[in-house]
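*Asks:* Supplied in structure tokens, the structure appears directly below.
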Amino acid sequence: MAERTCVACRDEADRDDLIRLVVDPEGRLVVDYRARLPGRGAWVHPRKACVVEVSAHPGRLVKALQVDAIDASTLEADLLAAIHRALADGLSQAAAGGALIGGNDALGRALVAGQIAEVVLANDAAERTERELRREAREGVPFTVSPLDRDALGARVGRAPLAAVGVLAEGASVHLRRQLRRLRDLG
Ligand SMILES: [Zn+2]
550 MAERTCVACR
560 DEADRDDLIR
570 LVVDPEGRLV
580 VDYRARLPGR
590 GAWVHPRKAC
600 VVEVSAHPGR
610 LVKALQVDAI
620 DASTLEADLL
630 AAIHRALADG
640 LSQAAAGGAL
650 IGGNDALGRA
660 LVAGQIAEVV
670 LANDAAERTE
680 RELRREAREG
690 VPFTVSPLDR
700 DALGARVGRA
710 PLAAVGVLAE
720 GASVHLRRQL
730 RRLRDLG
């Protein structure tokens with residue numbers, strides 16, 4: 550396992566659990582979300598406390614990235630945008646792999662049966678819908694509000710508008726579930 554150190558909390562973590570940051574040729578901070586860009590990188594946990602810490606104390610990045618100065622004021626917004634892009638891909642992957650359950654009746658039945666690992670909500674889902682789904686879900690099933698509205702969520706999984714989709718714990722949903730966890734951690 551390749552361990553890296555978070556520039557904010559100094560804890561070591563697997564690189565898959567951290568986000569890589571680099572500086573582009575113009576000296577701007579860039580979220581290297583897939584950790585593939587060349588050059589010196591710094592790593593940070595994709596969670597609120599660590600991102601806020603780095604934004605407030607960019608000196609840590611200056612040191613880690615060996616630059617004269619850096620503007621980290623848009624880090625949280627940039628990271629959210631990167632997660633949102635990856636989430637859209639993750640939804641498509643999971644849908645193609647049969648790891649999503651859509652439609653209120655089917656989702657309700659799967660929740661009651663304990664088949665659903667987590668639930669993705671459209672950002673315009675009715676409160677009543679969410680309340681009903683939470684009642685049907687087993688304890689500990691996370692609910693995450695996505696950046697997509699019902700139309701966009703439905704379109705991503707190849708269906709009519711959807712207020713919510715259930716995620717099955719399968720290989721096809723691993724990428725999606727990582728993004729959902731990051732969204733919750735940044736919330
Ligand atoms: Zn950290």
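Residue numbers for the sequence shown follow this note's numbering, beginning at 550 and rising by one.
For every residue, glycine included, the Cβ atom is placed at its ideal position computed from N, Cα and C.
Would you say the beta carbon of residue 613 is closer than 8 Å to some non-hydrogen atom of ligand 1?
*Replies:* Here residue 613 refers to the residue found at position 64 of the sequence shown. Residue 613 Cβ: outside cutoff for every heavy atom of ligand 1.
*Asks:* Only counting runs of 4 or more residues, tell me where the alpha helix (DSSP H) segments fall wholly within the region 652-691, in order along the chain.
*Replies:* Complete alpha helix (DSSP H) runs here, min 4: 653-661, 676-685.
*Asks:* Would you check if the distance between the CB atom of residue 558 and the CB atom of residue 606 is smaller than 9 Å?
*Replies:* Here residue 558 corresponds to residue number 9 of the sequence shown, with the count starting at 1. Here residue 606 corresponds to residue number 57 of the sequence shown, with the count starting at 1. The answer is no: Cβ separation not under 9 Å.
*Asks:* Could you give the first and the last residue of the continuous beta strand (DSSP E) run that contains residue 556?
*Replies:* Stepping through the sequence shown from its first residue, residue 556 is reached at position 7. No beta strand (DSSP E) contains residue 556, which DSSP labels as neither H nor E.
*Asks:* I'd like to know if the region 586-593 and the region 637-648 are in contact, where contact means that at least 3 CB-CB pairs between them fall below 8 Å.
*Replies:* In short, these stretches do not touch, since the Cβ pair count stays below three.
*Asks:* In the DSSP assignment, what residue or residues form a beta bridge with residue 578?
*Replies:* What you label residue 578 is simply residue 29 of the sequence shown in a count that begins at 1. In DSSP, residue 578 forms a bridge with 572.
*Asks:* According to DSSP, is residue 711 helix, strand or coil?
*Replies:* Residue numbering aside, residue 711 sits at position 162 when the sequence shown is read from its first letter. The answer is coil: DSSP assigns residue 711 none of H, G, I, E or B.
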